[in-house]
Amino acid sequence: MLTIADKEFTSRLFVGTGKFSSSDIMRQALEASECEMVTVALRRVELDDPGDDIMRAIGGGRFFFLPNTAGARDAVEAVRLARLARAAGGGNWLKLEVTPDPRTLLPDPVETLKAAEELVRDGFVVLPYINADPVLALRLQEAGTAAVMPLGAPIGTNRGLLTRPLLEIIIEQLEVPVVVDAGIGTPSQAAAAM
1 MLTIADKEFT
11 SRLFVGTGKF
21 SSSDIMRQAL
31 EASECEMVTV
41 ALRRVELDDP
51 GDDIMRAIGG
61 GRFFFLPNTA
71 GARDAVEAVR
81 LARLARAAGG
91 GNWLKLEVTP
101 DPRTLLPDPV
111 ETLKAAEELV
121 RDGFVVLPYI
131 NADPVLALRL
141 QEAGTAAVMP
151 LGAPIGTNRG
161 LLTRPLLEII
171 IEQLEVPVVV
181 DAGIGTPSQA
191 AAAM
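Sequence positions in the sequence shown follow the UniProt record's numbering and run 1 to 194.
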């Protein structure tokens, strides 16, 4: 069981939608995984278009939709994307991603904290993607985020829990849920992260 803000999830697995070759394969993978939470890049989906391939594949109430701000390079851009998504019916839940370098996709801690503070004040349920930084994680909790999502390893590396010692510190010191994000490449790595 996982509780974030006011929602309970029976599955601790979140699945992203960015790497599938088709919406049919994505839907099949999501169903087979038995996940409940699905993250979707706001730049890849038309929230107000019921015919959008991604929205059709994850629609129907089976999955909890968690939009993310992938591609935002600073706090201003992330906040703008979040507000546009909410206005288009995307709700108040948000995976906050601020990644200024498109090559590494490593999160910017300063801009992430700035965006999180503003979005929490604006009524969003914020789940920020961060480096495995215990100090930043604590500051984000103090800012009111509903969880933190530190990376296990850099995005796309499939190297698992390279940051395990830092993740353990974060888990020990925080009261909000810690969801390991990025760098997970195998089912055994996902199981270890959960």
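For glycine and all other residues, C-beta sits at the position ideal for the given N, C-alpha and C.
Note that this is a predicted model, so its numbers are computed, not measured.
Do residue i and residue j have their C-beta atoms closer together than 8 Å?
i: residue 130; j: residue 110; result: no
i: residue 145; j: residue 120; result: yes
i: residue 9; j: residue 31; result: no
i: residue 174; j: residue 163; result: no
Express the C-alpha separation of residue j and residue i in angstroms, rounding to a whole number.
i: residue 70; j: residue 11; result: 23 Å
i: residue 73; j: residue 172; result: 30 Å
Which residues bound the beta strand (DSSP E) around residue i?
i: residue 3; result: 2–4
i: residue 128; result: 125–130
i: residue 8; result: 7–9
Taking C-alpha atoms, which residue in the options lies nearest to residue i?
i: residue 76; options: 104, 114, 155; result: 114
i: residue 142; options: 176, 13, 184, 94; result: 176
i: residue 96; options: 88, 152, 41; result: 41
Excluding five sequence neighbours on each side, which residues of the same chain lie with their C-beta closer than 6 Å to the C-beta of residue i?
i: residue 140; result: 116, 128, 148
i: residue 179; result: 147, 149
In the DSSP assignment, the alpha helix (DSSP H) including residue i goes from what residue to what residue?
i: residue 69; result: Run containing residue 69: none; DSSP gives neither H nor E here.
i: residue 39; result: Run containing residue 39: none in the alpha helix (DSSP H); it sits in the beta strand (DSSP E), 37–41.
i: residue 177; result: Careful: residue 177 lies outside any alpha helix (DSSP H) and carries neither H nor E.
Ordered along the chain, which non-local residues of its own chain (more than five positions away) have a Cβ less than 7 Å from that of residue i?
i: residue 79; result: 115, 118, 119
In chain order, what residues of the same chain have a beta carbon less than 8 Å from the beta carbon of residue i, not counting five sequence neighbours either side?
i: residue 123; result: 92
i: residue 66; result: 14, 37, 38, 39, 40, 93, 94, 95, 127
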